[in-house]
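Student: Under this note's numbering, the first residue of the sequence shown carries the number 23, and numbering increases by one thereafter. A virtual CB, placed ideally from N, CA and C, is assigned to each residue, including glycine. Fair warning: this is a prediction, and the values are worked out from it, not measured in the lab. Sharing a structure, written as structure tokens. Questions coming.
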Amino acid sequence: MLQNLDSYFSEVEGYEIKDKESLEAFRLKYISKNGLVSGLFEEFKAVAPDQKKLFGSKLNQLKQLAEGRFKTIQDEIENQTAADDLAGFDFSLPLVPNPLGARHPLSITRSRIISIFEKIGFSVSDGPEIEDDYHNFTGLNFPPNHPAREMQDTFFIEKNPDMLLRTHTSTVQVRVMENQKPPIRSIMPGRVYRNEAISARAHCLFHQVEGLYIDKKVSFADLKNTLYYFVKELFGKDTQIRFRPSYFPFTEPSAEMDISCHICKGKGCNVCKHSGWVEIGGAGMVDPNVLETNGIDSQEFSGFAFGMGIERITMLKYGIKDLRLFTENDVRFLGQFKGNI
Ligand code: DAH
């Protein structure tokens, strides 16, 4: 083979390359691992020592020739492809605008809620999602082994049963009371977790907003007025509100709050189960035990608290029927909230 070395020069030079395919065939034939040049280098090992110098330098020249041709033609083809892509392109066309994103409906509701409460002097507070038993239960007047703990299907942290994923944002009430002296006027939006099977109506993670108001002479009338104001701001002036007596360990008296169904305007539909009313949260006067446990004199101060579901409110506001839509990230759903802030 080495005898033919000279003839390979003209062969490499004369090989016709006109497109990507023939360029690839050229590469395979001459410079690939199993190509001619590699084969010649194999044979070169057996060349007599006195011939090595001559053959070695020729072989390297052949290699450079083949590689050089390959590179040059490869560049030419690439440039040509780029030029072809632009041929016929109308440079005067206007730019395609970047599609505008939309805020997540839960973020929209969250900021609406915050701005409504900020107008009447509430600040925003925050707390951890991984909590201890004290802030989720004990500090909120849940006695040990009390069945009320069972009302909330808690995810406990396996390695440390004192730690858990908070089941409600009421935990932040305790943290606020620990760190602030009355008067306290704060709302606390955040994510909460419960061990529930995921369905159209339930999820293992969702969002709540908690409210806490502690001062001298705070009454149930203040609670009602605050929530009336909030509901009318958010859902409109014609929305009706009602309170039903209820029980929570951390409030006394306690109530559940319903609003007239926003979807059917109180006439009755599937969402309100034909009652005309839908529940949006719980509320009540802060139990004096909770105040005392958290270092606030219950003789001097009183307060109210409330907790509402952000998903719930968003579903009512926009007529969303399935809770799972909030976490699936389907752009066909999310895109419908464009323009809302
Ligand atoms: N934490 C309660 C729950 O998740 C909701 C709630 C009820 C919060 C009454 C409150 C309240 O602050 O006063 O079910």
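As an exercise, report each continuous alpha helix (DSSP H) stretch of at least 4 residues that is fully enclosed by the region 90-141, in chain order.
Tutor: The region 90-141 contains these whole alpha helix (DSSP H) runs: 127-140.
Student: Under 8 Å, with one C-beta from each stretch per pair, do the region 327-342 and the region 93-109 reach the 3-pair mark?
Tutor: No, they do not touch.
Student: Between the alpha carbons of E274 and G303, how many angstroms are there, rounded?
Tutor: Cα-Cα distance, rounded: 15 Å.
Student: Please confirm if the region 194-206 is in contact with the region 313-325, defined as three or more CB-CB distances below 8 Å between the two stretches.
Tutor: Yes, they touch.
Student: With DSSP as the reference, please indicate the residues paired to D280 in a beta bridge.
Tutor: D280 is bridged to R264, E301.
Student: Judging by CA-CA distance, which residue of S276, E38, L345, P271 is the nearest neighbour of F164?
Tutor: The residue with the shortest Cα to Cα distance from F164 is P271.
Student: Just the Cα atoms here: how many angstroms apart are I332 and G325?
Tutor: Distance between the alpha carbons of I332 and G325: 23 Å.
Student: DSSP state of T176, grouped into three classes?
Tutor: In the structure shown, T176 sits in coil (DSSP, three-state: anything other than H, G, I, E or B).
Student: Per DSSP, which one or two residues make a beta bridge with D237?
Tutor: Beta-bridge pairing links D237 to S324.
Student: Specify whether the region 119-127 and the region 235-245 touch according to this definition: at least 3 beta carbon pairs, one from each stretch, less than 8 Å apart.
Tutor: With the cut-off at 8 Å, the region 119-127 and the region 235-245 do not touch.
Student: Alpha carbons only, please: which of K40, D97, K42, L128 is nearest the one belonging to E350?
Tutor: Per the Cα distances, L128.
Student: Please report the straight-line C-alpha distance between G258 and R207, rounded to a whole angstrom.
Tutor: Computed Cα separation, rounded: 24 Å.
Student: If we count the other Cβ atoms within 10 Å of its Cβ and call it buried at 16 or more, is I179 buried or exposed?
Tutor: Exposed is the call here.
Student: Going by CA-CA distance only, name the one from R213, P204, T160 that's closest to R132.
Tutor: R132 has its Cα closest to that of R213, out of R213, P204, T160.
Student: Ordered along the chain, which non-local residues of its own chain (more than five positions away) have a Cβ less than 7 Å from that of Y156?
Tutor: So the list is empty, once near-sequence residues are dropped.
Student: Could you give the DSSP three-state label for T191: helix, strand or coil?
Tutor: In this structure, T191 counts as coil in the three-state DSSP scheme.
Student: Would you mind working out which of T193, F139, S276 sits nearest F159, comparing C-alpha positions?
Tutor: Ranking the options by Cα distance to F159, first place goes to T193.
Student: State buried or exposed for A277, treating a residue as buried only when at least 16 other CB atoms are found within 10 Å of its CB.
Tutor: Burial call: buried.
Student: Along the alpha helix (DSSP H) that carries R334, what are the first and last residues, could you check?
Tutor: Start and end: 332-340.
Student: Can you name the start and end residues of the beta strand (DSSP E) that V214 belongs to?
Tutor: Where V214 is concerned, the enclosing beta strand (DSSP E) stretches over 206-215.
Student: Is R188 closer than 7 Å to E153 when the C-beta atoms are compared?
Tutor: Yes, Cβ-Cβ distance for E153 and R188 is below 7 Å.
Student: From the DSSP output, in three-state form, read off P166 for me.
Tutor: It is coil, neither helix nor strand.
Student: Would you check if the distance between the CB atom of Y52 and the CB atom of L58 is smaller than 7 Å?
Tutor: In this structure, L58 lies closer than 7 Å to Y52 by Cβ.
Student: Roughly how many whole angstroms lie between the Cα atoms of Q262 and S114?
Tutor: Cα to Cα, the separation comes out at about 57 Å.
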